[in-house]
Amino acid sequence: MLAYTYVRPGVFELKEKPLPQLQSDRDAIVKVTLCSICTSDLHIKHGSVPRAVSGITVGHEMVGIVEQVGSAVTKVRPGDRVTVNVETFCGECFFCQNGWVNNCTDPNGGWALGCRIDGGQAEYVRVPFADQGLDRIPDNVTDEQALFVGDVLATGYWAAQISEIKPEDTVLILGGGPTGLCTLQCVLLANPKRVILCDIDPARLAFVREHYPDVLTAGPEDLPEFVRANSDHGGADVVLEVAGAPETFRLAWECARPNAIVTIVALYDGPQTLPLPDMYGKNLIFKTGGVDGCNCHKTLELIAQGKLDTTPLITHTYPLADIEAAYDLFEHRRDGVIKVAVRC
Ligand SMILES: [Zn+2]
Ligand SMILES: [Zn+2]
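For the sequence shown, the positions run 1 to 344 when full-length UniProt numbering is used.
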């Protein structure tokens with residue numbers, strides 16, 4: 001089968017590989033129908049993910065059809081259409097039991113697919129702990145509608161959930177990329193009084209105004225003043241920092257009102273400064289981390305009910321044979337690309 005492979009830093013190649021086999025009775029083999037490219041894949045390509053193993057098939061955002069299951073798998077059967085979770089988790093350890101699956105203590109736990117074990121930019125993928133990592137797609141939900149459930153949409157849902165958004169809140173989202181847009185949709189589910197989305201790219205702000213006309217948009221310049229003018233208590237009640245740019249951590253806490261929740265979703269390239277003397281007395285609550293991606297069944301339900309729709313994010317579609325061109329477009333953000341779907 002064809003599999004897009006991390007050869008060495010800077011080099012991905014579409015290679016012919018043998019079909020994956022079941023390695024444990026809790027595994028499933030999934031025939032990938034549609035996959036996507038994530039910014040994390042670019043991080044692997046550029047050698048900034050030290051855990052990434054050379055030779056692995058990349059890709060951790062995909063949907064497909066169950067081909068084969070191990071004898072201990074009970075939740076899915078061959079023929080089921082499924083989403084694949086970005087995270088691998090056992091479902092049994094202390095962290096899994098608390099819903100903190102990002103910190104699953106199993107040796108395979110955390111972000112393994114497409115990083116430490118073969119992922120899904122390929123025709124087939126082996127999914128460990130299939131009862132945890134796969135969710136059946138409802139009949140009225142298409143592959144395109146379900147494509148982001150396991151990764152960027154899971155992140156947006158988790159970020160909105162831990163941010164404790166209330167109806168009277170002004171919510172500020174920093175970053176209008178794919179994860180920022182998924183976060184925006186999940187924030188809107190909580191129905192806060194106002195939502196402000198900030199991005200440096202005017203095209204992204206135009207996309208937000210077109211699809212979410214009730215959302216206020218702003219660039220990073222004079223953002224604290226804009227947020228103060230559009231909130232009831234001198235700043236945002238909740239801030240979600242999804243951008244991860246050099247200045248956005250500072251903007252996140254500067255735009256927050258005293259006692260606000262500031263949720264850091266972004267993955268930064270370097271350490272950030274927490275200037276405690278400057279923020280003394282502001283009594284902020286910081287929440288940080290990587291997604292606990294165990295609510296995929298809930299997001300699939302919301303999609304089936306028409307309450308979440310991430311299909312406008314798919315701006316381009318390529319066949320697997322042309323994945324090189326899809327990467328080139330995505331990496332260089334050409335032609336207004338937001339997300340690319342790759343047909344396998
Ligand atoms: Zn990702
Ligand atoms: Zn676990």
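Idealized CB from N, CA, C, for every residue including glycine. Small disclaimer: the values here were computed from a predicted structure and weren't measured.
Nearest to residue i (by Cα), restricted to the options the options
| i | options | result |
| --- | --- | --- |
| Asn283 | Thr299, Asp232, Gly177, Val262 | Val262 |
| residue 356 | Gly91, Val187, Leu181 | In the structure as shown, the chain begins at 1 and stops at 344. Residue 356 is therefore absent and cannot be evaluated. |
| Pro178 | Phe330, Leu22, Leu19 | Phe330 |
| Thr183 | Ala159, Pro78, Ala218 | Ala159 |
| Pro202 | Val215, Gly219, Ile196 | Gly219 |
| Leu174 | Asn191, Gly156, Glu168, Gln161 | Gly156 |
| Pro258 | Asp269, Leu274, Gly281, Ala266 | Gly281 |
| Arg194 | Ile162, His211, Asp232 | Asp232 |
| Val215 | Val76, Ile196, Glu247 | Ile196 |
| Asp27 | Tyr212, Glu67, Tyr268, Glu61 | Glu67 |
| Ala266 | Val86, Ala243, Pro107 | Ala243 |
| Glu123 | Val30, Thr217, Cys186, Gln161 | Val30 |
| Lys45 | Glu61, Arg8, Leu2 | Arg8 |
| Asp135 | Thr299, His332, Glu164 | Thr299 |
| Val73 | Cys104, Gln23, Pro107, Ala236 | Gln23 |
| Ile165 | Leu189, Ala154, Ala146 | Leu189 |
Residue j beta carbon less than 8 Å from that of residue i
| i | j | result |
| --- | --- | --- |
| Arg343 | Pro312 | no |
| Ala326 | Asn140 | no |
| Ile65 | Thr33 | yes |
| Gly114 | Val63 | no |
| Phe286 | Gln272 | no |
| Cys255 | Val238 | no |
| Val53 | Arg126 | no |
| Ala88 | Pro138 | Ala is not the amino acid found at residue 88; the sequence shown has Thr there. Contact flag unset, no. |
| Thr310 | Gln185 | yes |
| Gly150 | Cys296 | yes |
| Ile323 | Gln121 | yes |
| Gly235 | Asp199 | no |
| Ile314 | Leu147 | yes |
| residue 347 | Arg77 | Lying before the first or after the last residue shown, residue 347 is absent from the chain, which here runs from 1 to 344. |
DSSP three-state assignment for residue i, whether helix, strand or coil
| i | result |
| --- | --- |
| Pro258 | strand |
| Met1 | coil |
| Tyr268 | coil |
| Lys298 | helix |
| Glu210 | helix |
| Ile65 | strand |
| Leu274 | coil |
Alpha-carbon spacing of residue i relative to residue j, whole angstroms
| i | j | result |
| --- | --- | --- |
| Ala252 | Asp143 | 35 Å |
| Gln21 | Arg204 | 42 Å |
| Gly293 | Val340 | 21 Å |
| Gly110 | Gly290 | 9 Å |
| Lys17 | Glu301 | 35 Å |
| Glu13 | Leu19 | 17 Å |
| His316 | Met1 | 23 Å |
| Pro275 | Lys307 | 39 Å |
Counterpart residues of residue i in DSSP-defined beta bridges
| i | result |
| --- | --- |
| Pro319 | Arg343 |
| Ile117 | Leu113 |
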